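Report on the following structure.
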Amino acid sequence: MVEHKTSIRVIYADTDAMGVVYHTNYIKWFEVGRCELLRSMGYPYARMEAEGILLPVAECNCKYKLPAVYDDILEITARIAEVKGATVTLEYEIRKQETGVLLVTGSTKHAITDPNFKPIRLRDKNRALNDCFMK
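If you're matching positions, the sequence shown starts at 16 in this note's numbering and goes up one per residue.
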């Protein structure tokens with residue numbers, strides 16, 4: 016299972032009136048984790064798009080366990096959980112880096128499409144990228 020860890024610091028603008036991270040920021044951080052995972056594999060989004068491959072989000076799930084607050088350093092773990100047909104599913108964990116405490120888990124399911132949003136099988140379109148996803 017391909018996995019990558021990325022760290023980010025919570026900025027003040029990411030918090031709400033209660034002083035905790037606003038809930039939708041975790042979804043944004045899933046994307047940060049996903050982008051850095053793809054980059055670590057040698058396939059940043061820009062390269063995939065140049066090769067005619069898009070990954071639109073079809074589903075998103077997020078489970079909040081504990082809040083993060085301003086100035087926390089968070090560790091985002093993104094991993095490829097499943098490649099099936101013309102979809103890829105990623106799983107995420109967001110932890111407080113200092114303590115390792117799990118704050119959020121989630122997943123995203125992506126269609127694998129051409130630039131016209133027509134589903135494609137990755138193994139037929141780009142064997143090298145498919146192989147990277149399957150490691």
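C-beta atoms are modelled at their ideal positions from N, C-alpha and C, and glycine is treated no differently.
This one's a predicted model, so the numbers in the text were calculated from it and none came from an experiment.
| Check | Outcome |
| --- | --- |
| Run through DSSP, which three-state label would G60 get? | Just to set this straight, residue 60 is Tyr in the shown sequence, not Gly. The answer is helix: DSSP assigns Y60 an H, G or I state. |
| If you follow the beta strand (DSSP E) that E74 is part of, which residue opens it and which one closes it? | 72 to 79 |
| Applying the 10 Å Cβ sphere with the 16-neighbour rule, what's the burial state of F45? | buried |
| Taking K78 as the reference, give the member of P71, T114, H38 with the closest Cα. | H38 |
| Could you pull the start and end residues of the alpha helix (DSSP H) that R142 belongs to? | 142 to 149 |
| Taking DSSP as the reference, what is the three-state secondary structure of E66? | coil |
| Going by the C-beta, is G121 closer than 7 angstroms to any heavy atom of the ligand GTP? | Among the ligands in the structure shown, none appear at all, so the ligand GTP cannot be discussed. |
| Drop a sphere of 10 angstroms on the beta-carbon of D29, count the other beta-carbons inside from all chains shown, and report buried for 16 or more, exposed for fewer. | buried |
| Pick helix, strand or coil for K43, following the three-state DSSP scheme. | helix |
| Taking only the alpha-carbon atoms, compute the straight-line gap between K99 and V116 and give it to the nearest angstrom. | 31 angstroms |
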